[in-house]
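**Q** Protein chains in written order, with the numbering used here: chain A, 1323 to 1678; chain B, 1323 to 1678.
All C-beta atoms in this analysis are idealised placements derived from N, C-alpha and C, irrespective of residue type, glycine included.
There are 2 protein chains.
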Amino acid sequence: MNKKIRIIDIAKMAGVSKGTVDRVLHNRGNVSESARLAIEKVLEQVNYKTNIHISGISLKRSYKIILTTPEVSLGAYWESIHNGIRHALEEYENVKVELQVFTYNQYDIYSCRQTFEKIAGFEMDALIIGPTFHEETLNLCKKMDDRNIPYIFVDSTIESAAPLAFFSADHYVCGSMMAKLITSIIQPQTNIAIFHAVRTGDRSANTTILRKKGFADYLEKNRCTNLVLSIPFSVTEPENNEMYLFRLFGSQRDTPAIVVLNSRGNLIADYLEENHIEDVKMICMDLTSANIEALKKGRIDFLIGQEPEYQGFYAMKTMLEYLIFKKPVTKQNYVQLDILIKENIDFYKRLSNMMY
Amino acid sequence: MNKKIRIIDIAKMAGVSKGTVDRVLHNRGNVSESARLAIEKVLEQVNYKTNIHISGISLKRSYKIILTTPEVSLGAYWESIHNGIRHALEEYENVKVELQVFTYNQYDIYSCRQTFEKIAGFEMDALIIGPTFHEETLNLCKKMDDRNIPYIFVDSTIESAAPLAFFSADHYVCGSMMAKLITSIIQPQTNIAIFHAVRTGDRSANTTILRKKGFADYLEKNRCTNLVLSIPFSVTEPENNEMYLFRLFGSQRDTPAIVVLNSRGNLIADYLEENHIEDVKMICMDLTSANIEALKKGRIDFLIGQEPEYQGFYAMKTMLEYLIFKKPVTKQNYVQLDILIKENIDFYKRLSNMMY
DNA sequence: CTGTTAGCGCTTTCAT
DNA sequence: ATGAAAGCGCTAACAG
Chain A
1323 MNKKIRIIDI
1333 AKMAGVSKGT
1343 VDRVLHNRGN
1353 VSESARLAIE
1363 KVLEQVNYKT
1373 NIHISGISLK
1383 RSYKIILTTP
1393 EVSLGAYWES
1403 IHNGIRHALE
1413 EYENVKVELQ
1423 VFTYNQYDIY
1433 SCRQTFEKIA
1443 GFEMDALIIG
1453 PTFHEETLNL
1463 CKKMDDRNIP
1473 YIFVDSTIES
1483 AAPLAFFSAD
1493 HYVCGSMMAK
1503 LITSIIQPQT
1513 NIAIFHAVRT
1523 GDRSANTTIL
1533 RKKGFADYLE
1543 KNRCTNLVLS
1553 IPFSVTEPEN
1563 NEMYLFRLFG
1573 SQRDTPAIVV
1583 LNSRGNLIAD
1593 YLEENHIEDV
1603 KMICMDLTSA
1613 NIEALKKGRI
1623 DFLIGQEPEY
1633 QGFYAMKTML
1643 EYLIFKKPVT
1653 KQNYVQLDIL
1663 IKENIDFYKR
1673 LSNMMY
Chain B
1323 MNKKIRIIDI
1333 AKMAGVSKGT
1343 VDRVLHNRGN
1353 VSESARLAIE
1363 KVLEQVNYKT
1373 NIHISGISLK
1383 RSYKIILTTP
1393 EVSLGAYWES
1403 IHNGIRHALE
1413 EYENVKVELQ
1423 VFTYNQYDIY
1433 SCRQTFEKIA
1443 GFEMDALIIG
1453 PTFHEETLNL
1463 CKKMDDRNIP
1473 YIFVDSTIES
1483 AAPLAFFSAD
1493 HYVCGSMMAK
1503 LITSIIQPQT
1513 NIAIFHAVRT
1523 GDRSANTTIL
1533 RKKGFADYLE
1543 KNRCTNLVLS
1553 IPFSVTEPEN
1563 NEMYLFRLFG
1573 SQRDTPAIVV
1583 LNSRGNLIAD
1593 YLEENHIEDV
1603 KMICMDLTSA
1613 NIEALKKGRI
1623 DFLIGQEPEY
1633 QGFYAMKTML
1643 EYLIFKKPVT
1653 KQNYVQLDIL
1663 IKENIDFYKR
1673 LSNMMY
């Protein structure tokens, strides 16, 4: 429609100067009632949106943001989240932000506690958290609440915390999707083995619990009669896994279908391959490079992705817009659950090549 | 690492002024050999990337871009492509571009011919084409080639044309995906009915041919023994469809599985619903509102999306970066093929809420 | 309280 | 051929 409206246009319409309009737009105070009203009236009529990039170059202040997540390993889940975050910073290159990253060992509660305690003492304008341990995270959040520092969760959220927002998959739905997919490609009587991660020092991660529940509820609601075997799966003590797997495939006459609730499905796929166990249907989580490889080899049938880059990107974008413009934020942000098969995996990219 | 590098930094390092650096960066000429070499040497050492947003505000020139596609209807495929294109313009709000849109009736070759002839006479800096009819499109392209006007395809491409780039799904792979999905959820002996669009005045659209081939090849390669019934499907003469459907479901003892190669799967789904034909497995294309509704109702089992918004967005983004910066472009751009089911459709958003 | 001015990084114009 | 300067829309600092 009508041309793009600028601050100077508003100023003229309201009969004031640019400076005053800027003060009103950003609530900087020092504006007379009458001027404010005049400007607000104009603002209602025109559709003004401040241009974040131009704003960025003139903005003097810089922001310090801390990011804490489980350790990042190459081609794995958390790396994608970090990538998304960096991506957002590139996109908003004109905004001055200093990012500080602290990772912890997600299988060791003490590492997490220690890291979080350190973080809690630092100066910062905002915090982005990839939570794992419930109590530790809650503790950190409380301290942030006290200091009035905004924080956003990625990957999952914690019920009793009060984040500015969270970006996460709906893990319950994720579980039902896995149930639907696996049951649609196997015979009604096939057993299903579900692998879930166990950690030291904490009950099962929240994500796992939710997925498991979603899975079970789906089967019940759809009157699926498959026998479900729940199998613990340790990343820190892999020798136990061998044992479980051996038992599973040694004792069973019929090879079961397999669902892996964490991102390490590739380990199971590799075990099957090494032991020449064929024709097992598998559904796994997350587009790690190892999982993608197993998918391409035909070892995994469906892989479910949860847009980690998108999560990271939007967490940072949201935070920046909140810090700079006090832009109102949507608290709950459920990301897409992507279904990948051998055929479409090569086209999967999501944010990776996006300039955003 | 090292701080962000600006033109002035390069100028100082090369011992020249900003103006000269700018002239070199954008090949504007009027630069002495010695100055050019000095600057190029610096450029090799530093990592300079011109900031498109800042560049945008200072850039005087404006671009006129024409977009031509099949007619847009609410909630349908082409609307998403247009949305993506507008989205890109918003994102690059600082760049001055005038967009002119011309749509044609994709089921009427004369409408297409007429529209394209009109377009061919206009002044423009670039063109984005959603092609349908082979010869007509090729004609338009030739004229553009002569006038040295760059054009980009969205949705599909045309072999013998010379576009700057195209953004399209790999329709052949799309066909095999449909084959894989349908065969994985039905019994080996179930018949499969494939619906494909017919148009007046042209052989089948290229996309349909490719999908059909991908479908057939998959079945053959995987030794699927399902009987495949190929059924023409007309958007312009719906009464014939009723007849075909009646025959199909009237004569057959076993209800077949259904695959619809165009975006009108909802029509078949509605027919089934009205006639109380239950337990038919269906796989359809494109996330039109009608298809999404049918998916949610459980009438469609899998819906395949081809990121129309992404296609539009990137077509425009690519064009702008090419026009402004002469940025080298990747010609072949295959978009993602998304698999949607009842469970994950609600989280599907793709670009729609992206600021990108 | 408010208008004016300088400056962000970039392009463009205008002298030189 | 080249440097200096003005201007894009915005924020910040400074006089009044």
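Please report how far the alpha carbon of residue 1562 of chain A lies from the alpha carbon of residue 1590 of chain A, in whole angstroms.
**A** Along the first sequence, one-based indexing puts residue 1562 of chain A at 240. Along the first sequence, one-based indexing puts residue 1590 of chain A at 268. So the two alpha carbons sit approximately 12 angstroms from each other.
**Q** Who are the near neighbours of residue 1369 of chain B in its chain, counting only those whose CB is closer than 8 angstroms to its CB and skipping five residues on each side?
**A** The count along the second sequence starts at 1 and reaches residue 1369 of chain B at position 47. Excluding sequence neighbours, residue 1369 of chain B sits near 1327.
**Q** Quick one: using the 10 Å Cβ neighbour count with 16 as the cut-off for buried, is residue 1652 of chain B buried or exposed?
**A** The count along the second sequence starts at 1 and reaches residue 1652 of chain B at position 330. Counting Cβ neighbours within 10 Å, residue 1652 of chain B comes out exposed, since fewer than 16 surround it.
**Q** For the candidate residues A:1374, A:1349 and A:1378, whose alpha-carbon lies nearest to that of residue 1362 of chain A?
**A** Locating residue 1362 of chain A in the first sequence gives position 40, counting from the first residue. With distances taken between Cα atoms, residue 1362 of chain A lies closest to A:1349.
**Q** Quick check on residue 1675 of chain B: does DSSP put it in helix, strand or coil?
**A** Mapped onto the second sequence, residue 1675 of chain B falls at position 353. Confidence in residue 1675 of chain B is poor, its pLDDT being 46 and thus under 50, which makes the residue's placement too unreliable to answer from.
**Q** Name, please, each residue of chain B whose Cβ falls closer than 8 angstroms to the Cβ of residue 1492 of chain A.
**A** Against the first sequence, residue 1492 of chain A aligns to sequence position 170. Here the neighbours are 1669.
**Q** Any chance the segment 1510-1518 of chain A sits against the segment 1477-1494 of chain A, with 3 or more Cβ pairs inside 8 angstroms?
**A** The segment 1510-1518 of chain A vs the segment 1477-1494 of chain A: no contact.
**Q** Where in the segment 1400-1430 of chain A do unbroken runs of the beta strand (DSSP E), each at least 3 residues long, occur, reported from the N-terminal end onward?
**A** List check, beta strand (DSSP E) in window: 1419-1426.
**Q** Quick one: residues in its chain with C-beta nearer than 6 angstroms to the C-beta of residue 1533 of chain B, no 5 flanking neighbours on either side, listed in chain order?
**A** Taking the first residue of the second sequence as 1, we reach residue 1533 of chain B at position 211. Taken in chain order, the residues that qualify are 1493, 1496, 1497 and 1583.
**Q** Return no unless some Cβ of chain B is closer than 7 angstroms to the Cβ of residue 1658 of chain A.
**A** Counting from one through the first sequence, the residue named residue 1658 of chain A turns up at place 336. By this cut-off, residue 1658 of chain A is an interface position.
**Q** Quick one: what's residue 1436 of chain A bridged to in DSSP?
**A** Indexing the first sequence from 1 puts residue 1436 of chain A at position 114. Looking at the DSSP assignment, residue 1436 of chain A forms no beta bridge with any residue, so it has no partner.
**Q** Would you please state the rounded distance, in angstroms, between the beta carbons of residue 1386 of chain A and residue 1466 of chain A? I believe it to be under 8 angstroms.
**A** Reading the first sequence from its first residue, position 64 is the one you call residue 1386 of chain A. Reading the first sequence from its first residue, position 144 is the one you call residue 1466 of chain A. Their Cβ separation, rounded to whole angstroms, is 14 angstroms, which puts residue 1386 of chain A and residue 1466 of chain A out of contact at 8 angstroms.
**Q** Just the C-alpha distance for residue 1569 of chain B and residue 1553 of chain A, rounded to the nearest angstrom, thanks.
**A** Stepping through the second sequence from its first residue, residue 1569 of chain B is reached at position 247. Stepping through the first sequence from its first residue, residue 1553 of chain A is reached at position 231. So the two alpha carbons sit approximately 50 angstroms from each other.
**Q** Determine whether the Cβ of residue 1342 of chain B lies closer than 7 angstroms to any Cβ atom of chain A.
**A** Within the second sequence, residue 1342 of chain B is the residue found at index 20, counting from 1. No, because no Cβ of chain A sits closer than 7 angstroms to the Cβ of residue 1342 of chain B.
**Q** Taking its Cβ as the centre, do 16 or more other Cβ atoms sit within 10 Å of residue 1549 of chain B, making it buried, or is it exposed?
**A** Along the second sequence, read from residue 1 onward, the residue named residue 1549 of chain B stands at position 227. By the neighbour-count rule (16 or more Cβ atoms within 10 Å), residue 1549 of chain B is not buried but exposed.
**Q** Does any CB atom of chain A fall closer than 7 angstroms to the CB of residue 1332 of chain B?
**A** As a first step, residue 1332 of chain B must be located in the second sequence, where it is residue number 10. It does not: the Cβ of residue 1332 of chain B has no partner Cβ on chain A nearer than 7 angstroms.
**Q** Under 9 angstroms between beta-carbons, which chain A residues line up against residue 1375 of chain B? List them in chain order, please.
**A** Along the second sequence, read from residue 1 onward, the residue named residue 1375 of chain B stands at position 53. The answer, in chain order, is 1373, 1374, 1375, 1376, 1378, 1379, 1415 and 1416.
**Q** Would you list, in chain order, the members of the segment 1440-1474 of chain B that have their beta-carbon closer than 8 angstroms to a beta-carbon of chain A?
**A** Result list empty, no residue passes.
**Q** Expressed to the nearest angstrom, what Euclidean distance is found between the alpha-carbon atoms of residue 1660 of chain A and residue 1609 of chain A?
**A** Counting from 1 along the first sequence, the entry for residue 1660 of chain A is found at position 338. Counting from 1 along the first sequence, the entry for residue 1609 of chain A is found at position 287. If you take the alpha carbons of residue 1660 of chain A and residue 1609 of chain A, they lie about 10 angstroms apart.
**Q** Roughly how many angstroms separate the alpha carbons of residue 1482 of chain B and residue 1645 of chain B, rounded to a whole number?
**A** In the second sequence, residue 1482 of chain B corresponds to position 160, counting from 1. In the second sequence, residue 1645 of chain B corresponds to position 323, counting from 1. The alpha-carbon atoms of residue 1482 of chain B and residue 1645 of chain B are separated by roughly 23 angstroms.
**Q** Specify whether the segment 1387-1401 of chain B and the segment 1339-1348 of chain A touch according to this definition: at least 3 beta carbon pairs, one from each stretch, less than 8 angstroms apart.
**A** Output reads no: the segment 1339-1348 of chain A does not touch the segment 1387-1401 of chain B.
**Q** Residues of chain B with CB under 9 angstroms from residue 1641 of chain A, in chain order?
**A** One-based indexing of the first sequence puts residue 1641 of chain A at position 319. Under the 9 angstroms cutoff, chain B gives no residues; its nearest Cβ is about 14 angstroms from residue 1641 of chain A.
**Q** Flag this pair as touching only if the segment 1595-1609 of chain B and the segment 1452-1459 of chain B have three or more C-beta atom pairs under 8 angstroms; answer yes or no.
**A** With the cut-off at 8 angstroms, the segment 1595-1609 of chain B and the segment 1452-1459 of chain B do not touch.
**Q** For residue 1599 of chain A, I'd like the list of residues in its chain whose CB is within less than 7 angstroms of its CB, leaving aside the five on either flank, ordered along the chain.
**A** In the first sequence, residue 1599 of chain A corresponds to position 277, counting from 1. Cβ neighbours of residue 1599 of chain A beyond the five flanking positions: 1571 and 1577.
**Q** Does residue 1542 of chain B have its Cβ less than 7 angstroms from a Cβ in chain A?
**A** As a position in the second sequence, residue 1542 of chain B is number 220, starting the count at 1. Residue 1542 of chain B does not count as touching chain A.
**Q** Residues of chain B with CB under 9 angstroms from residue 1499 of chain A, in chain order?
**A** Along the first sequence, one-based indexing puts residue 1499 of chain A at 177. Going along chain B in sequence order, the residues near residue 1499 of chain A (Cβ under 9 angstroms) are 1663, 1665 and 1666.
**Q** According to DSSP, is residue 1390 of chain A helix, strand or coil?
**A** Locating residue 1390 of chain A in the first sequence gives position 68, where the first residue counts as 1. Correct three-state label for residue 1390 of chain A: strand.
**Q** Could you round the C-beta distance between residue 1507 of chain A and residue 1508 of chain B to whole angstroms and report it? I think they count as a contact, below 8 angstroms.
**A** For the purposes of this step, residue 1507 of chain A is identified with residue 185 of the first sequence, where counting begins at 1. For the purposes of this step, residue 1508 of chain B is identified with residue 186 of the second sequence, where counting begins at 1. Actually they do not touch by this definition, with Cβ atoms about 11 angstroms apart.
**Q** Quick check on the burial criterion: 16 or more other C-beta atoms within 10 angstroms. Buried or exposed for residue 1597 of chain A?
**A** Here residue 1597 of chain A corresponds to residue number 275 of the first sequence, with the count starting at 1. Residue 1597 of chain A should be labelled exposed.
**Q** Would you tell me roughly how many angstroms separate the C-alpha atoms of residue 1621 of chain B and residue 1601 of chain B, rounded to the nearest one?
**A** Indexing the second sequence from 1 puts residue 1621 of chain B at position 299. Indexing the second sequence from 1 puts residue 1601 of chain B at position 279. Their backbone Cα atoms lie some 9 angstroms apart in a straight line.
**Q** For residue 1402 of chain B and chain A, any beta-carbon pair shorter than 7 angstroms?
**A** Taking the second sequence and counting its residues from 1, the one referred to as residue 1402 of chain B is at position 80. Judged by the 7 angstroms Cβ criterion, residue 1402 of chain B is not in contact with chain A.
**Q** List, in order along the chain, the chain B residues whose C-beta lies closer than 9 angstroms to that of residue 1495 of chain A?
**A** Position 173 of the first sequence, counted from the start, is the residue given in the question as residue 1495 of chain A. Simply 1665, 1666, 1668 and 1669.
**Q** When the Cα atoms are used, what is the spatial distance from residue 1431 of chain B to residue 1458 of chain B?
**A** Here residue 1431 of chain B refers to the residue found at position 109 when the second sequence is read from its first residue. Here residue 1458 of chain B refers to the residue found at position 136 when the second sequence is read from its first residue. C-alpha separation (whole angstroms): 8 angstroms.
**Q** My guess is that residue 1472 of chain A and residue 1448 of chain A are in contact by the Cβ rule of under 8 angstroms, so how many angstroms apart are they, rounded?
**A** Taking the first sequence and counting its residues from 1, one reaches residue 1472 of chain A at position 150. Taking the first sequence and counting its residues from 1, one reaches residue 1448 of chain A at position 126. Sure, about 5 angstroms apart at Cβ, within 8 angstroms.
**Q** Once DSSP output is grouped into helix, strand and coil, what is the label at residue 1656 of chain A?
**A** Locating residue 1656 of chain A in the first sequence gives position 334, where the first residue counts as 1. DSSP places residue 1656 of chain A in strand when its eight states are reduced to three.
**Q** Got a sec: which bits of the segment 1503-1514 of chain A sit with their beta carbon under 7 angstroms from any beta carbon on chain B, in order along the chain?
**A** Of all residues in the segment 1503-1514 of chain A, 1506 and 1507 have a Cβ within less than 7 angstroms of some Cβ in chain B.
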